[in-house]
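So the sequence shown is residues 11 to 341, counted in my numbering.
Note that CB positions come from ideal geometry on N, CA and C, so glycine has one too.
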Amino acid sequence: KVVVVGGGPTGVELSAELADFANNDAAMRYGRDLADRIQIVLVEAMPRILAPFDPKLQEVALDHLRSRGVDVRTGVAITNVGKTEATFAPSTPRTATPEEKAAALAKAATEETGAVVWAAGIGARPMVKKLAKSLGQTDMRGLKVDSCLRVEGTEGVYAIGDAALSGNPPTAQVAAQQGKHIGRAIRDGVDSPFAYKHAGSLCCLGSNNGIAQLVSAPSSGSSNFDIWALIGAEPMGPDGEQRALKGTPAFLLWRSLYWTRLLSTSSRMSLAADWMKARYSGRDVVEPVLQRTPTVRRPVETFGTNLQRNPTVRVVKEKVEEAQKKRFWMR
11 KVVVVGGGPT
21 GVELSAELAD
31 FANNDAAMRY
41 GRDLADRIQI
51 VLVEAMPRIL
61 APFDPKLQEV
71 ALDHLRSRGV
81 DVRTGVAITN
91 VGKTEATFAP
101 STPRTATPEE
111 KAAALAKAAT
121 EETGAVVWAA
131 GIGARPMVKK
141 LAKSLGQTDM
151 RGLKVDSCLR
161 VEGTEGVYAI
171 GDAALSGNPP
181 TAQVAAQQGK
191 HIGRAIRDGV
201 DSPFAYKHAG
211 SLCCLGSNNG
221 IAQLVSAPSS
231 GSSNFDIWAL
241 IGAEPMGPDG
251 EQRALKGTPA
261 FLLWRSLYWT
271 RLLSTSSRMS
281 LAADWMKARY
291 SGRDVVEPVL
301 QRTPTVRRPV
311 ETFGTNLQRN
321 PTVRVVKEKV
331 EEAQKKRFWM
341 R
């Protein structure tokens, strides 16, 4: 059993890839009986997975994961992780009373697990906490910044990404835009308010499936050609300013976007070849070499290596071994 903690895009994509591995590669290599023993559990403390997406797309992702055999548990938190087990309990909001928290812990259940993967976000770094404490800030989740991303109570100090409490979501898209904004401010020597421009959200669901929620550019009105209608993107959002893609078009968009983000041509070619290989011949599976007890008594010549699936291991008779030693010393 593999437990993935966190129902955001990272946790959903990992669960989908594990489901593809179990249903395709493991079944092909080891048979369906063994593949069916693989259990994948996705745990999310919030009522729904993929919080940045529209509820309609959330349902698409939820139905796909469950159809692939993933056990999706929403409103559940992990309260303890051991070597071979994990404890599941109903999640409670931050405003919950001690009685409500105690009632939730009373419903906790411990299950055996083979691996637990944390994809539910991280806390602030120790250095960030020390800086926040030295500045007299009470919120230890990050450094409070103003509209220009300057740390409050300092001069010439900026904070971005997970280290900053700027009111924006702690995503890579936000951090990338903040980094460019600060770079321009340092280059020009002029501070200006930061304005986040959301480009959209993507999530790969594996099996040539995915979801995308994109921000559509306003039309000029000079042409009746609608690219969104051509690719099957549905209007979404309060005012219909966003477009939703699902299925193979969203999957291809996700892959093409990340492929273009690679820095070198060799990396792009290597990734494309790996995708093609996984598509037609399966993923590379590395089997661990287990320590085995020798079944052959001495004399054994191992050529200085351990007795672990070594094709050079040979059993040599005492007379042959002695003859070899004599010939060596006679040279």
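The C-beta distance from Leu60 to Ser25 rounds to 11 Å, too long to meet the 8 Å contact threshold. With at least 16 other beta carbons inside 10 angstroms of its own, Ala222 counts as buried. By a beta-carbon distance limit of 8 Å, Gly16 contacts Gly131. Their separation comes to about 7 Å. Put simply, of Gly220, Asp64, Leu52 the residue whose alpha carbon is nearest the alpha carbon of Pro245 is Asp64. Residue nearest to Ala29 within the set Ala55, Gly41, Asp81 is Asp81 (criterion: CA-CA distance). Between Gly292 and Asn34, the C-beta spacing is below 8 Å.
Here the alpha carbon of Tyr168 sits roughly 45 Å from the alpha carbon of Ala32.
The DSSP-derived three-state label of Asp46 is coil. Assigned with DSSP and collapsed to three states, Asn34 falls in helix. Annotation: Glu121 to Ile50 spans about 13 Å, alpha carbon to alpha carbon. The Cβ atoms of Leu224 and Trp264 lie no closer than 8 Å to each other.
Per DSSP, Ala134 lies in no alpha helix (DSSP H) segment and is marked neither H nor E. Contact between Ala129 and Thr20 holds, with the beta-carbon distance rounding to 4 Å and staying under 8 Å. Between Leu115 and Thr89, the CB-CB gap stays under 8 Å. C-alpha of Gly124 to C-alpha of Val91: approximately 11 Å in a straight line. Following the DSSP letters along the chain, one finds Met56 in no alpha helix (DSSP H), marked with neither H nor E. Distances from the CA of Glu251 to each of Pro259, Ala288, His208 were compared; the closest alpha carbon is that of His208.
Taking one beta carbon from each stretch, the stretch 192-206 and the stretch 41-58 have fewer than 3 pairs nearer than 8 Å; the two do not touch. Taking 8 Å as the upper bound for CB-CB distance, Arg83 and Val126 are not in contact here, some 14 Å apart.
Counting C-beta atoms within 10 angstroms of its own C-beta, Asp172 has 16 or more neighbours from the protein chains shown and is therefore classed as buried.
As the crow flies, the alpha-carbon of Pro259 is around 20 Å from that of Arg278.
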